[in-house]
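Numbering (the numbering used here), first residue to last: 4 to 418.
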């Protein structure tokens, strides 16, 4: 080992971004193993490397003993005082035992170990970098496609987007530049594995944070989200600032902000809903674009009965139950939808749960007006930005149970 070797390490440090101290630490450990292998097995060996000159010294660590003996682990007080008169019983003495040819032998043995350590340090550095970005947004270029798996160039590493994390129906081509959600980062024996997603609700959340400054700054907050990737997303927002329109902030001037998100998601439809602390209003809003007459709730069972105009029944339920299913996930309530005529029929036959009827007493004109106003916001948004066509082929009532959505994107605080 010599100064040239230290210069080589300095080059590695500069090019790889690894600390010099970590390399020297790995080298010292490797040299201890080299010494034990080539000379003798000594558990109390210490190796020092001069970081400037590359000079290596091997020391045996011995404990000062009052016994008149000199062993691998101990040194007599008399011998210790020959090295330094200040040594006392129990002190640790470093006795140099560097073999004459240790530099050459150690360097040959250590080089491969050092290279492996450098690789390990690089892998750890990459893992730490991406682990810190888990659940965040990242942009990458599709590098290759293999058996439905997308492999994404992320710069320092290749990410993977499995088929189940892709948007159904979205076409992917090599060279496409896409935004992804970092679903998971794994530290494997083969290196860092970054699992990417285009179908996660988290992708939509991060896109809104990116495109809507009011969300990024905390003026407007996302309360909950439900998504069926490639088809439709519902997202509820609120603000504590009376001067800010949370939906308008998300939509942007002439729909520019939400359109950017829709374009990124392959024209996926997005409903932006006003969150309200009253579950009846929140549930009514969540069923947008359908009109809702009123909502009855059973808080004990977390079940809601939404009554809608008969001509809005199919719209409220949605194609294959999608609208009410997403609303249930968004609100975390089980939602039963009835047309107004059916509701009156059940009411006349005393088939409505009395717990639901008790919540009728709390409904007043102001609440109904608020429901209508909030719905109009969502309906107008849907008409002006989404321009979607809703199926009218589902004429049955539907009870949708709450299903879990990404909890890290739902604000469960008391507002």
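Every residue gets a Cβ at the ideal spot worked out from N, C-alpha and C, and that includes glycine.
Remember, predicted model here, so these are calculated numbers, not experimental data.
Item	Value
Tell me where the beta strand (DSSP E) around residue 307 begins and ends.	306 to 311
Measure the CB-CB distance between residue 202 and residue 169 and report whether it falls below 8 angstroms.	yes
Which word fits residue 177, buried or exposed, when buried means at least 16 other C-beta atoms lie within 10 angstroms of its C-beta?	exposed
Have a look at residue 53 and residue 59 and give me their C-alpha separation to the nearest angstrom.	7 angstroms
Could you check whether the region 297 to 306 touches the region 352 to 362, counting it as contact only if at least three pairs of C-beta atoms, one from each stretch, sit closer than 8 angstroms?	yes
Starting from residue 90, follow the alpha helix (DSSP H) in both directions and report where the run begins and ends.	From DSSP, residue 90 is part of no alpha helix (DSSP H); its letter is neither H nor E.
Can residue 270 be considered in contact with the ligand ATP, in the sense that its beta carbon sits closer than 7 angstroms to one or more heavy atoms?	Among the components of this structure there are no ligands whatsoever, and the ligand ATP is therefore not found.
For residue 276, which option in 252, 267, 257, 269 has the closest C-alpha, if you only look at C-alpha atoms?	252
One question on the structure: do residue 311 and residue 342 come within less than 8 angstroms of each other, judged by their Cβ atoms?	yes
Give me the Cβ distance between residue 61 and residue 48, rounded to the nearest whole Å; I'm assuming they're in contact under 8 angstroms.	6 angstroms
Give every residue of the same chain whose Cβ lies closer than 6 angstroms to the Cβ of residue 171, excluding the five residues on either side of it in the sequence, and list them in chain order.	233
On a Cα-Cα basis, can you pick out the residue from 140, 174, 134, 159 that is closest to residue 153?	174
Taking the beta strand (DSSP E) that residue 229 falls in, what are its first and last residues?	223 to 231
Just to confirm the assignment, what range does the beta strand (DSSP E) spanning residue 144 have?	140 to 149
Can you check whether the CB of residue 236 is closer than 8 angstroms to the CB of residue 182?	no
Closest to residue 191 by CA distance: which of 130, 185, 219 is it?	130
Following the continuous alpha helix (DSSP H) through residue 159, name the residue where it begins and the one where it ends.	Run containing residue 159: none; DSSP gives neither H nor E here.
Nearest to residue 92 by CA position, among 83, 105, 67, is which residue?	67
Residues bridged to residue 23 by DSSP?	According to DSSP, which records beta bridges pairwise, residue 23 is partnered with nothing at all.
By alpha-carbon positions, which one of 334, 210, 83, 315 ends up nearest to residue 229?	334
Can you check which of these residues, 226, 85, 56, is closest to residue 205 by C-alpha distance?	226
Report yes if the C-beta distance between residue 163 and residue 197 is below 8 angstroms; otherwise report no.	yes
Can you name the residues that DSSP bridges to residue 68?	79
With distances taken between CB atoms, is the gap from residue 423 to residue 35 smaller than 8 angstroms?	This structure leaves residue 423 out entirely; the chain is present only between 4 and 418.
On a CA-only basis, which of 104, 317, 81, 281 is nearest residue 302? Give me that one, please.	281
Buried or exposed for residue 338, please, with buried defined as at least 16 other CB atoms from any protein chain shown within 10 angstroms of its CB.	buried
Over the uninterrupted alpha helix (DSSP H) stretch that includes residue 208, give me the two end residues.	204 to 214
In angstroms with no decimal places, state the Cα-to-Cα distance between residue 273 and residue 151.	27 angstroms
Let's see if you can read the secondary structure: which residues bound the alpha helix (DSSP H) around residue 251?	249 to 254
Among 148, 133, 165, whose alpha-carbon lies nearest the alpha-carbon of residue 157?	133
Tell me the residue span of the alpha helix (DSSP H) that contains residue 177.	Neither: residue 177 is in no alpha helix (DSSP H) and is coded neither H nor E.
What would DSSP say about residue 238, mapped onto helix, strand or coil?	strand
Starting from residue 267, trace the alpha helix (DSSP H) in both directions and tell me its first and last residue.	259 to 267
By Cβ distance, which residues of its chain are closer than 7 angstroms to residue 161, with the 5 residues on each side in sequence left out?	146, 154, 155
Can you tell me where the alpha helix (DSSP H) holding residue 337 begins and where it ends?	It is not in any alpha helix (DSSP H) - residue 337 instead sits in the beta strand (DSSP E) that spans 337 to 342.
What separation, rounded to the nearest whole angstrom, lies between the Cα atoms of residue 19 and residue 136?	20 angstroms
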